[in-house]
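In mature numbering (1 follows the signal peptide of the UniProt record, and there is no 0), the protein residues as written are -22 to -1, 1 to 442.
Even glycine gets a Cβ: it sits at the ideal position worked out from N, Cα and C.
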């Protein structure tokens, strides 16, 4: 740890990027084709070209995954490689499907018509992540551009974890541990996949950084700008996540303000400002989504229950949704109890954050609650990436358990560096009858400037 922490931060980020070379392709999800075609359209490609390049990436990825699975299949590894056949079949199907929709006149919006127009409308209102992909795809091409974008987003998330912990007063060691945890836990793997969750996690960490600045007594302007900017950008990535985060943070700051008032402590300008910002962001998100005619919660509900609108709309969607919700959580809890690592890490991280920095612990748990809300809004047991925000609790909270002893002020205690008479020895009497109080002096030490967030010391002035 004698090297500057900034060097270690860059080293961990670079190491994570090098490790991701093991899997350049094969990370795609069904949503990746929609975001990729959106980015290609923003880069100047027409619908046909955007669809062709997206299909080529999707089918090449599926063919490679089929080859990998075949190579380790103990029953079929001796047979011919099915990868080329899977790729050709995928290519034929999607060119037929997309071509049929284009010929039928489904040419509105920026995304290629992989699905019905009603479903693609959900992605049309999420331009944030495709805009991020445009420079990477333009410079490096589709395959390496998506990989490079994932590395940058994931690396930025780890650096933000380091900044949050250093702002809270953690030593460089615990802060670097938090960055490493972000990379090795599912947060890093999710951020590498070509979908919006990695960008959403990074923007959530920006908002948490602003909250940490506010709770550490910084002027209200910088925390407010960080939180407001993160929520505004999050609206472009996924407006429902922006609503969840703004509402949860508003509730957390409301609890902090009420607790401080009852304890007779000042609330603070920064806390008041962030409470105003988060409440305004929550209300503004709802109003702006209605004004821009974004898909509503009813559309999302029908999308869930009709298998992306392949089936007719449900007559009583809310009743079926509540029944699905009641079935989902017991099954989810049963699976977590079988392998309780997730629950244990989350509990330990919450304990560390709430014990070391109680106010920020409340904010961290509130931000992680957006993952629970996302899963509650889309209870699909086959999708695990929606819970990624909850992993921020162990990522940020576990290093606080380590950093508690070195950063928290301790009670004064006798030191061997003090000189003078022992307190048990009776003091000598002066001629006037007054008690003589010996002067205790500290051993002098050279002055050392306080290190900043990155561990750098201010430049020493000239000695005159």
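Determine the contact status of residue 137 and residue -10, defining contact as a CB-CB distance below 8 Å.
Within the chain shown, numbered from 1, the residue matching residue 137 stands at position 159. Within the chain shown, numbered from 1, the residue matching residue -10 stands at position 13. Cβ atoms of residue 137 and residue -10: closer than 8 Å.
Enumerate in chain order the residues of its own chain whose CB-to-CB distance from residue 260 is below 7 Å, with the five nearest sequence positions on each side excluded.
Here residue 260 corresponds to residue number 282 of the chain shown, with the count starting at 1. Once the five neighbours on either side are set aside, the close Cβ partners of residue 260 are 221, 224, 225 and 228.
- Task: List the whole-angstrom C-beta distance separating residue 327 from residue 376, where the pair is believed to meet the contact cut-off of C-beta under 8 Å.
- Result: Position 349 of the chain shown, counted from the first residue, corresponds to residue 327. Position 398 of the chain shown, counted from the first residue, corresponds to residue 376. Sure, about 5 Å apart at Cβ, within 8 Å.
TODO: Give a yes or no on contact between the stretch 178 to 185 and the stretch 6 to 18, applying the rule of three or more CB pairs nearer than 8 Å.
DONE: no
**Message:** With three or more C-beta pairs closer than 8 Å as the rule, is the stretch 180 to 197 touching the stretch 208 to 222?
**Reply:** yes
Quick check on DSSP: helix, strand or coil for residue 392? The count along the chain shown starts at 1 and reaches residue 392 at position 414. Bear in mind that a pLDDT of 43 at residue 392, under 50, signals an unreliable position, so the number given afterwards is only what the model happens to contain. Coil.
Look at residue 45 and residue 61 and say whether their C-beta atoms are less than 8 Å apart.
-> What you label residue 45 is simply residue 67 of the chain shown in a count that begins at 1. What you label residue 61 is simply residue 83 of the chain shown in a count that begins at 1. Yes, the Cβ-Cβ distance between residue 45 and residue 61 is below 8 Å.
| request: State the Cα-Cα distance for the pair residue 305 and residue 197, rounded to the nearest angstrom. | output: For this step, residue 305 is matched to residue 327 along the chain shown. For this step, residue 197 is matched to residue 219 along the chain shown. Cα to Cα, residue 305 sits roughly 47 Å from residue 197.
task = Taking only the alpha-carbon atoms, compute the straight-line gap between residue 278 and residue 53 and give it to the nearest angstrom.
result = Walking along the chain shown from the start, residue 278 turns up at place 300. Walking along the chain shown from the start, residue 53 turns up at place 75. Their Cα atoms are separated by approximately 42 Å.
Practice prompt. For residue 359, count neighbouring C-beta atoms within 10 Å of its own C-beta (all shown protein chains included) and say buried if the count is 16 or more, exposed if not.
Written response: To locate residue 359, count along the chain shown from 1; it is residue 381. Exposed, by the Cβ-count rule.
Open item on the list: Distance check for residue 144 and residue 384, CA to CA, integer angstroms please.
Closed with: Start at 1 with the first residue of the chain shown, and residue 384 comes out as number 406. Start at 1 with the first residue of the chain shown, and residue 144 comes out as number 166. Legend: pLDDT at residue 384 = 40, less than 50; position of this residue unreliable, no value from coordinates given.
Review point. Thinking C-alpha only, which one of 186, 149, 124 and 148 is nearest residue 169?
Key: Along the chain shown, read from residue 1 onward, the residue named residue 169 stands at position 191. Ranking the options by Cα distance to residue 169, first place goes to 124.
* Counting along the chain, where does the alpha helix (DSSP H) carrying residue 365 start and finish? -> Translated into the one-based positions of the chain shown, residue 365 becomes position 387. Neither: residue 365 is in no alpha helix (DSSP H) and is coded neither H nor E.
**Asked** Can you give, in chain order, each stretch of the alpha helix (DSSP H) that sits fully within the stretch 261 to 331 and has at least 4 residues?
**Response** 275 to 283 and 295 to 316
task: Decide if residue 236 is buried, meaning its Cβ has at least 16 other Cβ atoms within 10 Å, or exposed.
output: Translated into the one-based positions of the chain shown, residue 236 becomes position 258. So residue 236 ends up on the exposed side.
Query raised in the report: Thinking C-alpha only, which one of 201, 271 and 366 is nearest residue 96?
Result: Indexing the chain shown from 1 puts residue 96 at position 118. The shortest Cα separation from residue 96 among 201, 271 and 366 belongs to 271.
Item to check | residue 348 classed as buried or exposed, judged by whether at least 16 other C-beta atoms fall within 10 angstroms | outcome: Taking the first residue of the chain shown as position 1, residue 348 is located at position 370. Counting Cβ neighbours within 10 Å, residue 348 comes out buried, since at least 16 surround it.
*According to the neighbour-count rule (16 or more other Cβ atoms, all chains shown, within 10 Å of its Cβ), is residue 6 buried or exposed?*
The residue you call residue 6 lines up with position 28 of the chain shown. When all chains shown are included, residue 6 counts as buried.
Checklist line | Minimum length 4: unbroken alpha helix (DSSP H) runs contained in the stretch 199 to 271 | finding: 199 to 215, 217 to 240 and 247 to 269
- Item | Inter-residue spacing [alpha-carbon to alpha-carbon] between residue 206 and residue 214 | One-based indexing of the chain shown puts residue 206 at position 228. One-based indexing of the chain shown puts residue 214 at position 236. About 13 Å.
Helix, strand or coil for residue -17, going by three-state DSSP, please let me know.
Here residue -17 refers to the residue found at position 6 when the chain shown is read from its first residue. The answer is helix: DSSP assigns residue -17 an H, G or I state.
Through-space distance from residue 195 to residue 122, alpha-carbon basis
If you number the chain shown from 1, residue 122 lands on position 144. If you number the chain shown from 1, residue 195 lands on position 217. When rounded, the distance between both Cα atoms is 43 Å.
task: Out of 372, 353 and 363, state which residue places its alpha-carbon closest to the alpha-carbon of residue 342.
output: On the chain shown, residue 342 is found 364 positions in, with the first residue counted as 1. For the residues 372, 353 and 363, the minimum Cα distance to residue 342 belongs to 372.
- Message: Buried or exposed for residue 411, going by 16 or more other Cβ atoms inside 10 Å?
- Response: One-based indexing of the chain shown puts residue 411 at position 433. For residue 411, the pLDDT reaches just 47, beneath the cut-off of 50, and the residue's location in the model is therefore unreliable, although a value from the coordinates is still provided. Counting Cβ neighbours within 10 Å, residue 411 comes out exposed, since fewer than 16 surround it.
Residue 86 by DSSP, collapsed to three states: which one?
-> As a working note, residue 86 is residue 108 in the chain shown. Reduced to three states, the DSSP call for residue 86 is coil.
message: Among 288, 69, 232 and 241, whose alpha-carbon lies nearest the alpha-carbon of residue 248?
response: As a working mapping, residue 248 is identified with position 270 in the chain shown. If we check each option's Cα against that of residue 248, 232 comes out closest.
Item to check | 8 Å CB neighbourhood of residue 354 in its chain, flanking five on each side removed | outcome: Here residue 354 refers to the residue found at position 376 of the chain shown. 303.
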